[in-house]
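Numbering (my numbering), first residue to last: 180 to 465.
Every residue, glycine too, gets a C-beta built ideally from N, C-alpha and C.
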Ligand code: NDP
């Protein structure tokens with residue numbers, strides 16, 4: 180787990196030790212000592228690569244042979260992950276970007292293509308989840324979620340689509356992927372998660388529409404809907420919200436579990452499109 184505060188897990192439980200992006204890479208290499216480099220020659224861009232699911236996904240994509248553009252705001256985290264990937268024989272490019280700024284999002288995509296040569300895989304992962312009663316919510320929290328979870332994802336998608344269409348014609352796999360990270364909250368709205376759920380339902384609707392539009396051109400648009408996963412996600416909530424959440428989430432998955440699902444999607448053969456994966460901890464009922 181990769182958390183700012185080593186004393187707490189992202190779901191508010193005590194946490195033994197802080198780990199770094201290298202933990203993801205190290206664990207993958209331990210678990211799969213001889214993995215096929217089936218993404219060799221491909222270029223991927225992962226948003227939110229500085230922690231959690233994005234960091235784990237980037238590490239696994241690199242381990243499978245893809246060059247990876249690492250996009251987020253925290254430069255030090257991106258540089259550390261890039262160094263780990265390079266030390267393990269991979270190719271990584273850290274691009275410090277705020278994807279809620281349309282110009283920065285577009286430049287991140289263009290820099291990926293100019294530096295790494297192409298774009299075959301976009302993992303639209305950056306997101307924020309700010310919970311609590313609507314009656315007490317600062318409007319700024321709603322704005323942050325809409326700006327990042329919806330507009331940030333849309334800016335990256337818009338900039339990437341022409342390159343993905345090109346990759347589907349002349350890329351090594353003759354197919355391209357956009358994987359959008361939604362949530363169980365993209366399927367089920369709950370008391371206290373209204374705007375987060377709104378944004379993730381929106382991600383689902385956009386993804387399905389875009390999937391239908393692009394699928395005959397061999398750009399696969401997929402949706403991943405994780406349940407509770409141990410990352411920094413919850414830590415961005417106000418202290419009183421964190422307190423009220425307590426241990427309600429119970430069992431959690433690791434970021435690597437979601438990275439596995441993402442990599443499964445993008446390593447299918449050209450004629451197979453995994454449209455959607457809903458993935459929960461075994462003990463999570465809803
Ligand atoms: P983290 O908080 O660990 O990761 C969020 C990432 O988003 C960070 O890398 C952060 O980097 C990046 N980010 C935040 N703001 C911006 C911005 N303006 N521009 C660019 N990058 C930004 O959480 P997770 O890994 O859990 O979250 C990843 C995705 O998974 C999210 O979309 C989340 O909604 C989804 N999800 C997570 C679940 C969970 O239980 N953890 C469950 C369901 C869905 P930085 O701050 O450096 O910019």
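Asked: Closest residue to residue 354 among 254, 342, 385 (Cα-Cα distance); Found: 342
Asked: Three-way DSSP call (helix, strand, coil) for residue 357 in this model; Found: strand
Asked: Helix, strand or coil at residue 308 [DSSP, three-state]; Found: coil
Asked: CA nearest to the CA of residue 368, picked from 411, 387, 455, 311; Found: 311
Asked: Separation of residue 382 from residue 255, as counted between CA atoms; Found: 29 Å
Asked: First and last residue of the uninterrupted alpha helix (DSSP H) at residue 286; Found: 281-295
Asked: Contact under 7 Å by Cβ, residue 232 with residue 437; Found: yes
Asked: 7 Å Cβ shell around residue 390 - same chain, five flanking residues per side excluded; Found: 400, 454
Asked: Own chain, CB closer than 8 Å to residue 326, minus 5 neighbours either side, in chain order; Found: 279
Asked: Alpha-carbon to alpha-carbon, residue 218 and residue 446; Found: 7 Å
Asked: Reduced DSSP category for residue 234 - H, G, I as helix; E, B as strand; rest coil; Found: helix
Asked: Cut-off 8 Å between Cβ atoms - residues of its own chain near residue 444, not counting five sequence neighbours on either side; Found: 356, 358, 399, 401, 403, 453, 456
Asked: Three or more C-beta pairs below 8 Å linking the stretch 363-378 and the stretch 238-250; Found: no
Asked: Residue nearest to residue 305 in terms of C-alpha spacing, selected from 252, 406, 221; Found: 252
Asked: For residue 469, the nearest candidate out of 227, 462, 449 (CA to CA); Found: Residue 469 lies beyond the residue range present for the chain, which begins at 180 and ends at 465; the question has no answer from this structure.
Asked: Identified DSSP bridge partners for residue 404; Found: 457
Asked: Alpha carbon of residue 215 to alpha carbon of residue 239, nearest angstrom; Found: 12 Å
Asked: Given 8 Å, three or more beta-carbon pairs between the stretch 320-334 and the stretch 254-268; Found: no
Asked: Enclosing alpha helix (DSSP H) for residue 319 [first to last residue]; Found: 318-324
Asked: Host beta strand (DSSP E) of residue 431 (start-end); Found: Here residue 431 belongs to no beta strand (DSSP E), and DSSP marks it neither H nor E.
Asked: Contact check, residue 458 vs residue 440, beta carbons under 7 Å; Found: yes
Asked: Three-state secondary structure assigned by DSSP to residue 462; Found: coil
Asked: Residue 237 vs residue 222 beta-carbon contact at 7 Å; Found: no
Asked: Residue burial classification, residue 299 (beta-carbon count within 10 angstroms, cutoff 16); Found: buried
Asked: heavy atom of the ligand NDP below 6 Å from residue 277 C-beta; Found: yes
Asked: Pairwise C-alpha distance: residue 373 and residue 385; Found: 18 Å
Asked: Segment limits, beta strand (DSSP E) that includes residue 272; Found: 271-275
Asked: For residue 409, three-class secondary structure by DSSP; Found: strand
Asked: Beta-carbon separation (whole angstroms), residue 410 vs residue 230, contact threshold 8 Å; Found: 6 Å
Asked: Contact test: residue 329 Cβ vs the ligand NDP heavy atom, cutoff 6 Å; Found: no
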